[in-house]
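Read the structure below first, then the notes.
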Amino acid sequence: EEKVAVFAVTGMTCAACAGSVEKAVKRLPGVHDAAVDVLGCRAQVAFYPAFVSEEKIRETIEDVGFGAKLIDEELKEKSILVCRLHIKGMTCTSCANTVESALQAVPGVQRASVALAIEEAEIRYNRRVVAAIQLVNAVEESGFEAILVTAGEDRSRIDLKVDGILNERSVMIVKSSVQALPGVEDIKIDTELQKITISYKPDQTGPRDLIEVIESAGSGHIAVSIYPEADGREQHRNGEITQYRQSFLWSLLFTIPVFLTSMVFMYIPGLKEGLDKKVVNMMSIGELLRWILSTPVQFVIGRKFYTGAYKAMCHGSPNMDVLIALGTNTAYFYSVYSVLRAATSENYMSTDFFETSSMLISFILLGKYLEILAKGKTSEAIAKLMDLAPETATVLMYDKEGNVVSEKEIDSRLIQKNDVIKVIPGGKVASDGFVIWGQSHVNESMITGESRPVAKRKGDTVIGGTVNENGVLHVRATFVGSESALAQIVRLVESAQMAKAPVQKFADQISKVFVPLVSSVTLC
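If you want it as structure tokens, here you go:
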């Protein structure tokens, strides 16, 4: 009877190291298959205990020059998971600290890190104590919107877009048809967004099977494709950029005249006399103009700061919006008081600070606009990593005798485990796997940094996103989707965004008390 063992391998630094381990293990008699994960430092070996032992496999890995230790089978049912959440509504470090504190207060959460730059949270939690949906609820209770990116469980999740009419009857048919597939664990259908979310075990089924079943259940009246999740996030970010740019430009339209009337025109003969002309008692034309121009900046353009401050105070976590609201309101309402007193008095000389409130809001909007642009650059850098993978792949179809009968070009995101992919010269490898036919040289520099092409023949492993130099290769997919080396590199880059330098941690500690302290001093 076949058995599977997992080894922790230390000392691997690149794909070539993983290839050496894999080759050595596969040469052992009784080894059916072996797969090495260089990023996870793991080697999974399928073997027949009658011919080879776990100890022999471990010694073989060590003979190649790497450390090896058998991982207990109980670790396969590990209870500690790492999930990721996309969080909307964070505007400053104080917001990120609020979310982080809310997550760390949930029982079962071991560690929570929030990155403001990419608007994501990474949580290490015990699934026996808390569920991922409870983490989402904890974030939303703190006043922010959270979307589950990955729950960290041993299953894959896919969002599918439906083009067609989904009525109550068709929804029931689709649900029952999909749930009948082996490996499907959960299905949710959103008729408003025309979106189907399915959780499944990649070892038993895949996205192509799911799409075929849904389309057949719709009797040809619906078409299914992968939901453009990344595009939705990009649209949200572009919407934020447009919103802040327009707000900043509108604020400039009102702020520049306020600035000129208070700081420039007062020193120009002729204009100064006109602005100093009294309207009612001691209230001048310049004061009235500044009042009129600064009011829309304070209450219309700057309303988002009032909304953010109100939400923050409701949850007992004052943020920078509170300071902005306090500072600008103090300048604005003191100026209103001063102007009104001048209008009702014949000898009171008023002093207004309308330009302070309007200019402060304008500068903050400019800062927010530049901050969102910087966030977009960070996301673009991560997206470029994913662009290394080709958009399409050629899948080979076999008959019962093992002969190739046809080939089909599909979206590379629809590749499933054990699919055989044809890679032509000059083309990119669409998925991690191993060569089952052909010889070639593959340029792996974009993944490993090795400038020289690596020779590949039957039994050698290849990495998704690398370029085939010459010769045709037939590759059997082993790691697809989130399991691929490219996806894991992207996760490492995203995790690096979560890491905080000691000085940043110190700054976060200060920010926790900075806003409440300044707010209390201002109110006093």
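What the sequence shown shows, in UniProt numbering, is residues 1 to 524, in sequence order.
Where a beta carbon is used, it is the ideal one built from N, C-alpha and C, also for glycine.
It should be emphasised that the depicted structure is a prediction, and the values quoted were computed from it without experimental measurement.
Cβ separation of residue i and residue j, assumed to be a contact under 8 Å, to the nearest whole Å
{"i": "Lys201", "j": "Glu185", "result": "7 Å"}
{"i": "Val6", "j": "Pro29", "result": "Not a contact, Cβ separation roughly 20 Å."}
{"i": "Lys417", "j": "Thr478", "result": "7 Å"}
{"i": "Ile301", "j": "Ser251", "result": "5 Å"}
{"i": "Ile158", "j": "Pro207", "result": "5 Å"}
{"i": "Ser446", "j": "Gly465", "result": "Residue 446 is actually Met in this sequence, not Ser. About 6 Å separates the two Cβ atoms, so the contact holds."}
{"i": "Ser357", "j": "Ala331", "result": "4 Å"}
{"i": "Val99", "j": "Ser142", "result": "6 Å"}
{"i": "Val139", "j": "Leu210", "result": "About 29 Å; that fails the 8 Å criterion."}
{"i": "Ala343", "j": "Met266", "result": "In fact, because the Cβ distance is near 20 Å, the residues do not count as touching under 8 Å."}
Simplified DSSP state of residue i, which is helix, strand or coil
{"i": "Val38", "result": "coil"}
{"i": "residue 554", "result": "Outside the displayed span of the chain (1 to 524) sits residue 554, for which this structure offers no information."}
{"i": "Val109", "result": "strand"}
{"i": "Tyr398", "result": "strand"}
{"i": "Asn319", "result": "coil"}
{"i": "Leu103", "result": "helix"}
{"i": "Val518", "result": "helix"}
{"i": "Val224", "result": "strand"}
{"i": "Thr466", "result": "coil"}
{"i": "Asp33", "result": "strand"}
{"i": "Met12", "result": "coil"}
{"i": "Gln44", "result": "strand"}
{"i": "Asp231", "result": "Summary for Asp231: the model assigns pLDDT 49, below 50, so the residue's position carries little reliability, and this model does not support an answer."}
{"i": "Ser284", "result": "strand"}
{"i": "Asn126", "result": "strand"}
{"i": "Ile489", "result": "helix"}
{"i": "Val64", "result": "helix"}
{"i": "Thr330", "result": "helix"}
{"i": "Glu74", "result": "Its pLDDT being 41, under 50, Glu74 is placed unreliably in this model, and the coordinates cannot settle the point."}
{"i": "Thr98", "result": "helix"}
{"i": "Ala180", "result": "coil"}
{"i": "Phe299", "result": "helix"}
{"i": "Thr91", "result": "coil"}
Span of the alpha helix (DSSP H), counted from its first residue to its last, around residue i
{"i": "Phe305", "result": "303-314"}
{"i": "Ile165", "result": "It is not in any alpha helix (DSSP H) - Ile165 carries neither H nor E in the DSSP assignment."}
{"i": "Ala146", "result": "Taken as a continuous stretch (DSSP letters only), Ala146 belongs to no alpha helix (DSSP H), being part of the beta strand (DSSP E) at 145-150."}
{"i": "Asp190", "result": "Counting along the chain, Asp190 falls outside any alpha helix (DSSP H), though it belongs to the beta strand (DSSP E) covering 184-190."}
{"i": "Asp209", "result": "207-217"}
{"i": "Lys272", "result": "271-276"}
{"i": "Val136", "result": "132-141"}
For residue i: DSSP bridge partner residues
{"i": "Ala374", "result": "Per DSSP, none; premise fails for Ala374."}
{"i": "Leu252", "result": "BP columns for Leu252 are empty, so no partner."}
{"i": "His474", "result": "Lys422, Trp437"}
{"i": "Arg27", "result": "Per DSSP, none; premise fails for Arg27."}
{"i": "Phe353", "result": "Phe353 is not bridged to any residue."}
{"i": "Arg157", "result": "Ser199"}
{"i": "Asn443", "result": "Val467"}
{"i": "Leu85", "result": "Ala121, Leu148"}
{"i": "Lys428", "result": "Val467"}
{"i": "Ile80", "result": "Asn126"}
Endpoints, the beta strand (DSSP E) within which residue i is located
{"i": "Gly449", "result": "Segment: none, Gly449 is in no beta strand (DSSP E) and carries neither H nor E."}
{"i": "Glu407", "result": "404-411"}
{"i": "Lys417", "result": "No beta strand (DSSP E) holds Lys417; DSSP gives it neither H nor E."}
{"i": "Ala68", "result": "67-71"}
{"i": "Ala455", "result": "454-456"}
Residue i at chain C interface by Cβ criterion, 8 Å
{"i": "Leu370", "result": "Looking at the structure shown, chain C is missing, and only one protein chain is on hand."}
Distance cut-off 7 Å: residue i Cβ against heavy atoms of the ligand FMN
{"i": "Val454", "result": "You won't find the ligand FMN in this model; it holds no ligand whatsoever."}
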